[in-house]
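The structure appears right after this line, and notes come after that.
2 protein chains.
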Amino acid sequence: MNSRPALAPARSVDEYRATVAELLRPAGPRPVRQVAPGAALHALLAADVHSPLELPVFRNSAMDGYALRAESVLVTPVTLPLAGVLAAGADALQPLPAGAAVKVMTGAPVPPGADCVVPVEDTSSDGETVTVSRGRGVGEFVREAGTDVRRGDLLVPAGTRLAPRHVAALAAVGLVTVPVVAPVRAAVLTTGDELMPAGVPLRPGTIYNSNGAALAAALTDNGAEVVSVAHSTDDHGEFRALLGAAVAAADVVLTSGGVSQGDFEVVKEVLGPLGGVFGAVAVQPGGPQGYTVVDGVPVLSFPGNPVSTAVSFEVFARPVLRELAGLPPVPEQWLALRDPIRSPAGKRQYLRGALTAAGVRVVAGPGSHLVAGMARADALVEIPEAVTELPAGAVVRVWSL
Amino acid sequence: MNSRPALAPARSVDEYRATVAELLRPAGPRPVRQVAPGAALHALLAADVHSPLELPVFRNSAMDGYALRAESVLVTPVTLPLAGVLAAGADALQPLPAGAAVKVMTGAPVPPGADCVVPVEDTSSDGETVTVSRGRGVGEFVREAGTDVRRGDLLVPAGTRLAPRHVAALAAVGLVTVPVVAPVRAAVLTTGDELMPAGVPLRPGTIYNSNGAALAAALTDNGAEVVSVAHSTDDHGEFRALLGAAVAAADVVLTSGGVSQGDFEVVKEVLGPLGGVFGAVAVQPGGPQGYTVVDGVPVLSFPGNPVSTAVSFEVFARPVLRELAGLPPVPEQWLALRDPIRSPAGKRQYLRGALTAAGVRVVAGPGSHLVAGMARADALVEIPEAVTELPAGAVVRVWSL
Numbered sequence: 001m002n003s004r005p006a007l008a009p010a011r012s013v014d015e016y017r018a019t020v021a022e023l024l025r026p027a028g029p030r031p032v033r034q035v036a037p038g039a040a041l042h043a044l045l046a047a048d049v050h051s052p053l054e055l056p057v058f059r060n061s062a063m064d065g066y067a068l069r070a071e072s073v074l075v076t077p078v079t080l081p082l083a084g085v086l087a088a089g090a091d092a093l094q095p096l097p098a099g100a101a102v103k104v105m106t107g108a109p110v111p112p113g114a115d116c117v118v119p120v121e122d123t124s125s126d127g128e129t130v131t132v133s134r135g136r137g138v139g140e141f142v143r144e145a146g147t148d149v150r151r152g153d154l155l156v157p158a159g160t161r162l163a164p165r166h167v168a169a170l171a172a173v174g175l176v177t178v179p180v181v182a183p184v185r186a187a188v189l190t191t192g193d194e195l196m197p198a199g200v201p202l203r204p205g206t207i208y209n210s211n212g213a214a215l216a217a218a219l220t221d222n223g224a225e226v227v228s229v230a231h232s233t234d235d236h237g238e239f240r241a242l243l244g245a246a247v248a249a250a251d252v253v254l255t256s257g258g259v260s261q262g263d264f265e266v267v268k269e270v271l272g273p274l275g276g277v278f279g280a281v282a283v284q285p286g287g288p289q290g291y292t293v294v295d296g297v298p299v300l301s302f303p304g305n306p307v308s309t310a311v312s313f314e315v316f317a318r319p320v321l322r323e324l325a326g327l328p329p330v331p332e333q334w335l336a337l338r339d340p341i342r343s344p345a346g347k348r349q350y351l352r353g354a355l356t357a358a359g360v361r362v363v364a365g366p367g368s369h370l371v372a373g374m375a376r377a378d379a380l381v382e383i384p385e386a387v388t389e390l391p392a393g394a395v396v397r398v399w400s401l
Numbered sequence: 001m002n003s004r005p006a007l008a009p010a011r012s013v014d015e016y017r018a019t020v021a022e023l024l025r026p027a028g029p030r031p032v033r034q035v036a037p038g039a040a041l042h043a044l045l046a047a048d049v050h051s052p053l054e055l056p057v058f059r060n061s062a063m064d065g066y067a068l069r070a071e072s073v074l075v076t077p078v079t080l081p082l083a084g085v086l087a088a089g090a091d092a093l094q095p096l097p098a099g100a101a102v103k104v105m106t107g108a109p110v111p112p113g114a115d116c117v118v119p120v121e122d123t124s125s126d127g128e129t130v131t132v133s134r135g136r137g138v139g140e141f142v143r144e145a146g147t148d149v150r151r152g153d154l155l156v157p158a159g160t161r162l163a164p165r166h167v168a169a170l171a172a173v174g175l176v177t178v179p180v181v182a183p184v185r186a187a188v189l190t191t192g193d194e195l196m197p198a199g200v201p202l203r204p205g206t207i208y209n210s211n212g213a214a215l216a217a218a219l220t221d222n223g224a225e226v227v228s229v230a231h232s233t234d235d236h237g238e239f240r241a242l243l244g245a246a247v248a249a250a251d252v253v254l255t256s257g258g259v260s261q262g263d264f265e266v267v268k269e270v271l272g273p274l275g276g277v278f279g280a281v282a283v284q285p286g287g288p289q290g291y292t293v294v295d296g297v298p299v300l301s302f303p304g305n306p307v308s309t310a311v312s313f314e315v316f317a318r319p320v321l322r323e324l325a326g327l328p329p330v331p332e333q334w335l336a337l338r339d340p341i342r343s344p345a346g347k348r349q350y351l352r353g354a355l356t357a358a359g360v361r362v363v364a365g366p367g368s369h370l371v372a373g374m375a376r377a378d379a380l381v382e383i384p385e386a387v388t389e390l391p392a393g394a395v396v397r398v399w400s401l
């Protein structure tokens with residue numbers, strides 16, 4: 001995450017998306033984390049896992065019954081002396097005496113010399129002897145060692161998204177940990193004197209902070225691991241301190257607010273002198289964007305309007321985060337507009353849309369403050385830079401939210 | 001979870017699945033949990049959420065620029081006296097003096113009397129006055145209070161699976177918590193003297209415990225919340241103590257092992273006297289099954305072979321757990337068998353299959369110990385009770401794992 005491409009003013013969406021991808025993709029191999037099989041559900045296996053042992057580990061009984069030689073029960077009924085009882089978990093170094101039987105539980109070792117198991121249903125016993133009413137052939141109800149997997153066999157291949165059945169197999173061979181692709185660790189840092197936490201009555205001029213929860217949710221939803229969510233006022237010292245903590249803990253930091261043309265732009269003012277690149281991207285909403293590499297960690301700075309923040313994440317961060325998490329790309333489709341739309345010249349516009357059987361309906365105005373309206377949307381409608389208006393029925397590219 | 005249907009011997013798969021569903025479905029309404037919007041991602045909203053306030057909370061500026069009366073800039077260029085600066089988060093109780101302008105940042109309140117905002121790009125200022133080069137109409141770049149959502153409006157309807165955009169809207173209206181459907185709390189209790197934890201060298205006759213990790217993963221994968229995973233030897237006192245802890249913490253307890261016809265069946269021996277119902281279900285693998293209601297909590301007792309445990313979960317527990325979590329049903333399809341198969345009369349058999357373009361291939365033998373083989377499967381192939389053999393090409397029901 002060390003490259004530092006320059007951000008030209010009014011850069012295109014595609015150029016800036018490529019810049020963000022370059023910033024977030026690790027320079028070397030993807031980081032790997034060792035986790036217990038029981039904690040690896042839904043993780044992406046980072047390397048082929050070969051079995052360190054064979055399964056079954058030892059020859060064992062598939063039934064509750066009697067281990068014996070098949071030749072002892074060729075003619076039935078027949079009564080054999082009982083030479084012992086083996087529970088699951090018992091050791092079975094003693095070979096079977098010739099012509100005798102050993103009582104075995106399911107999963108118990110079958111002693112050397114025995115070559116089949118007669119199920120308990122086909123027997124009766126007085127505790128000293130067992131009478132077998134139906135014979136069995138060599139190998140019946142005996143699970144031979146190594147018939148499920150042999151030592152060194154490929155158990156689960158690299159790149160597998162681990163499901164419960166993989167967890168079962170990895171645990172069954174006794175692995176303490178397995179290597180999985182480490183999720184991108186992400187920190188969220190919202191800014192702005194006007195943002196209040198939930199539960200605090202709003203003073204005039206203030207609003208509730210939704211960007212912290214929204215960015216954390218979006219990161220989690222796309223395979224990243226959120227290591228911190230913090231908020232800074234527009235005070236430079238506070239922002240600098242919280243930024244330092246975020247950079248120390250994360251592989252990428254997302255900030256919101258403080259990047260446009262106003263008089264109090266804490267993000268731009270602190271990160272600019274640290275090499276931050278701030279400028280306009282030809283997109284609506286979400287035009288003002290910035291990035292900085294701080295101590296090797298990329299910091300992406302989104303604008304603060306809730307819809308601008310969300311669209312910035314969707315358009316610039318989500319594709320590369322899904323790639324790094326091994327998740328499928330964001331689904332796109334081409335659909336008919338149900339209503340005519342207008343769009344600014346020279347900017348790619350993303351409208352919030354709702355998918356219907358008859359095409360996509362625009363559900364909120366273009367205003368970047370319409371965060372409640374966005375909750376009714378399930379897609380982003382993409383209007384290309386050169387287009388300024390489209391009639392109902394025009395076919396547009398739609399990205400699922 | 002209080003009903004206690006009786007388990008007849010050799011009960012059918014469909015009957016026992018219905019019994020398990022009846023045991024797990026809560027008697028009253030589904031339990032609800034209050035969680036912060038930021039912790040509610042992917043949860044199922046339990047009730048309609050109406051907005052407790054309007055958004056925007058107050059009339060504010062959509063741009064960095066100058067709030068003024070549109071009539072003051074009908075003719076441009078024009079120079080107006082500057083009456084102050086309003087940052088985002090500032091209060092704006094002072095009305096705009098007639099014929100003046102106030103500098104405003106994006107999101108800052110627009111003072112009473114101002115009716116439009118001129119973007120900073122269309123102005124120049126010496127700090128005392130501002131010169132406007134392009135006029136604006138009434139309402140331009142002003143976000144009126146309540147235009148996104150009004151107090152009392154439906155913000156997110158009950159039954160919504162919460163996505164990041166819903167989290168954003170719920171946080172934006174300042175909600176401290178939202179009601180979501182509480183996940184089923186599940187405890188896992190494996191049994192058996194022969195099961196060893198990972199990292200411990202195997203003594204002869206012992207194997208690694210895979211059922212704990214596998215059941216926990218399967219529960220999580222189907223929307224339950226795993227509150228504990230424990231293992232008991234076949235010692236009655238130990239099992240009783242661990243069972244008590246599990247029942248105290250969970251809405252449902254899953255046990256593995258100790259339910260068949262052997263001499264050391266701790267689960268059956270302890271739970272039988274507590275009203276447990278144990279018997280055979282006409283299924284392979286997974287025939288021996290049991291259930292008990294302990295202190296009002298259903299305890300489902302699966303057999304201990306890893307594949308039997310996994311198939312028991314898939315067939316009996318997974319459907320109702322998905323229903324309770326509001327997840328879509330297990331996907332089923334009808335596919336051609338690529339190989340001939342045999343199946344025991346009178347039992348429904350579930351074979352492990354792999355989906356291919358040419359149909360479903362059976363990837364592991366029917367043995368209930370083939371846990372590594374199950375990792376290569378992505379489906380269960382269902383063979384009806386009355387069928388004893390099928391040729392290649394026969395169409396069978398297949399459940400996705």
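Sequence order for the protein chains is A and B.
Note that full-length UniProt numbering has the first sequence beginning at 1, numbered continuously upward.
Note that full-length UniProt numbering has the second sequence beginning at 1, numbered continuously upward.
Where is the CB? At the ideal position from N, CA and C, for every residue including glycine.
State the DSSP-derived secondary structure class of residue i, mapped to helix, strand or coil.
i      : result
S3/A   : Here the model assigns S3/A a pLDDT of 41, short of 50, so the residue's position is not dependable, and the following value carries that caveat. The answer is coil: DSSP assigns S3/A none of H, G, I, E or B.
G89/B  : coil
F316/B : helix
T206/A : coil
T160/A : coil
A46/B  : coil
R240/A : helix
A213/B : helix
T19/B  : helix
M374/B : helix
E332/B : strand
H166/A : helix
Is residue i buried or exposed, if buried means 16 or more other CB atoms sit within 10 Å of its CB?
i      : result
V142/A : buried
A40/A  : buried
V194/A : It should be noted that the sequence gives Glu, not Val, for residue 194/A. The residue is buried, with at least 16 neighbouring Cβ atoms inside 10 Å.
D235/B : exposed
A90/A  : buried
D14/B  : exposed
P288/A : buried
P303/B : buried
R11/A  : buried
S400/B : exposed
P52/A  : exposed
On a CA-only basis, which of the options is nearest residue i? Give me that one, please.
i      : options                           : result
V118/A : G258/A, G139/A, G127/A and A18/A  : G139/A
L351/B : A364/B, A345/B, V281/B and A358/B : A364/B
T356/A : V78/A, K347/A, R11/A and V398/A   : V398/A
A230/A : P306/A, S256/A, L274/A and V330/A : S256/A
R348/A : P329/A, V360/A and A282/A         : A282/A
R342/A : V381/A, D115/A, V311/A and A354/A : V381/A
A280/A : V252/A, V294/A, S312/A and F264/A : S312/A
Please list the partners that residue i has in chain B, where partner means a Cβ-to-Cβ separation under 7 Å.
i      : result
E194/A : A88, G89 and G107
R165/A : A310, M374, A375, A377 and L401
D148/A : H369, L370, V371, A372 and G373
T220/A : L41
P37/A  : A213
Distance cutoff 8 Å, beta carbons only. Does residue i sit that close to anything in chain E?
i      : result
T206/A : Looking for chain E here will not work: the only protein chains present are A and B.
Using a Cβ cut-off of 8 Å, pull out every chain B residue sitting near residue i, in sequence order please.
i      : result
A172/A : I207, Y208, S210, P306, V371 and A372
F141/A : What F141/A touches in chain B: nothing, since even the nearest Cβ is about 10 Å away.
How would you list, in chain order, the residues of chain A whose beta-carbon sits under 7 Å from the beta-carbon of residue i?
i     : result
D64/B : S260, Q261 and G262
Taking Cβ-Cβ distances shorter than 9 Å, what residues in chain B pair up with residue i?
i     : result
V85/A : D263
Legend entry - Validate contact between the region 221–228 of chain A and the region 187–194 of chain A using beta carbons, cut 8 Å, 3 pairs: yes
Inset, instruction - Indicate whether the contact test is met: 3 or more Cβ pairs, each with one atom in the region 150–163 of chain A and one in the region 98–107 of chain A, closer than 8 Å. - result: no
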